[in-house]
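Numbered per the working numbering, the sequence shown finishes at 338, counting up by one with no gaps. A quick write-up on the structure given underneath.
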Amino acid sequence: MEADMINRAYDRVTVNNDLRETISNLNEQFPLRMYTNVFQNFIDFHISWHWHPDFEFTLVLEGRTEVCVDNESYILSQGEGMLINSCVMHMMRPVPERPDTTVASFVFPASFLESDTGSTLYEKYIAPFIQCKRLPALFFAPDLPWQAHVLNCLWQVHTLGSDPGFGREMRMRNLLCDAWLGIALNTRETIEKALSETNAPIPSPAATSAESRAKRMTAFIHDHYGENITVDDIAASANISRSECFRTFHARIHQKPIEYLIECRISNAQRLLRETSRTITDIASACGFNHSSYFCRLFKEKCGMSPKAYRAERHLNPSTLDLIGQPNRSG
């Protein structure tokens, strides 16, 4: 199976309860997933919080985007890019003045660069970056020559995504390996210093207390969004106080708990409007809204159209769901 560039259409990232991205139709023979993220076509007009064990390169093709990684926020302009480390929580959205922003993403496991985890290549050039949790992400701008080289490699991979010519898979892999070598050469001292400053095992993101609390609370919301839950209920799911709940959401999710809950409810309502024929009143109730009038008003405020108009524009025939407009990232 060949690698194909995916143009998202009315798409969203699907996650499990701890916000790990769930992937369908993964091509294990060539595990490079490439996306052209056209934010204006997104269900929620952004890529919501998620994580995956894979690396992810991003490249801004047009406009400007905000990338939130852990508790940091970066603004990327056209021609700039980023590498997001394995197992790091992140989200992406266009800046308000550029809703037309388009970003290319290249997502791949470490095995795409080197499949033998016991090899010198893996131990020397890949494992240290994965282990260095002080580097959740790297920003690339064309001002520095080595970063310009990385960005040039990404542009070439993006171009190859629409090229059906023979040999493109090898060229893509070689370009990403070339980019990775540039990163390894220029971050070696930083990574070695960070890893030498502690003898303790490197904690995974899920093991850190703040992120662990955030994941427990977001999992609770995803499990109970259809119920009449409060901030106190959300805080109790992580055994923390109400004030600590607000602090954790602010630091890790960059939203208030209720804002995240409403976003979750609206997102699931959108899915039901697209994929089912249930009544709007029934969908409102299933997604935790006690009054359909309030649901319709909030839906229009968030989505720019009424639930009825949204369904008319984006409703999918169940027989075509595997071919177009899947509600999850597929590559």
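Where is the CB? At the ideal position from N, CA and C, for every residue including glycine.
With 16 or more neighbouring CB atoms inside 10 Å of its own CB, residue 133 falls in the buried class.
Nearest to residue 81 by C-alpha distance, out of 28, 143, 25, 168, is 143.
Considering only 262, 233, 127, 64, the residue with the shortest C-alpha distance to residue 92 is 64.
When DSSP states are grouped into helix, strand and coil, residue 253 belongs to the helix group. Annotation for residue 40: the continuous beta strand (DSSP E) segment containing it runs 40-45. Residue 58: not part of any alpha helix (DSSP H); DSSP gives it neither H nor E. Boundaries of the beta strand (DSSP E) around residue 97: 97-101.
Rounded to the nearest whole angstrom, the CA to CA distance from residue 278 to residue 46 is 17 Å.
An exposed status is given to residue 151, since fewer than 16 other beta-carbon atoms sit within 10 Å of its beta-carbon. Under the three-state reduction of DSSP output, residue 177 falls in the helix class.
Contact annotation: residue 26 and residue 255 have beta-carbon atoms that are not nearer than 9 Å.
Boundaries of the alpha helix (DSSP H) around residue 161: 152-167.
Counting along the chain, no beta strand (DSSP E) covers residue 238; the unbroken alpha helix (DSSP H) around it starts and ends at 238-243. Following the DSSP letters along the chain, one finds residue 89 inside the beta strand (DSSP E) bounded by residues 88-91. Spatial neighbours of residue 58 in its own chain (CB-CB distance under 8 Å, excluding positions within 5 residues in sequence) are listed in chain order as 26, 27, 28, 94, 95, 96, 97, 212. Taking 9 Å as the cut-off, the Cβ atoms of residue 183 and residue 120 count as close.
Taken atom to atom, the span from the alpha-carbon of residue 197 to that of residue 147 is near 16 Å.
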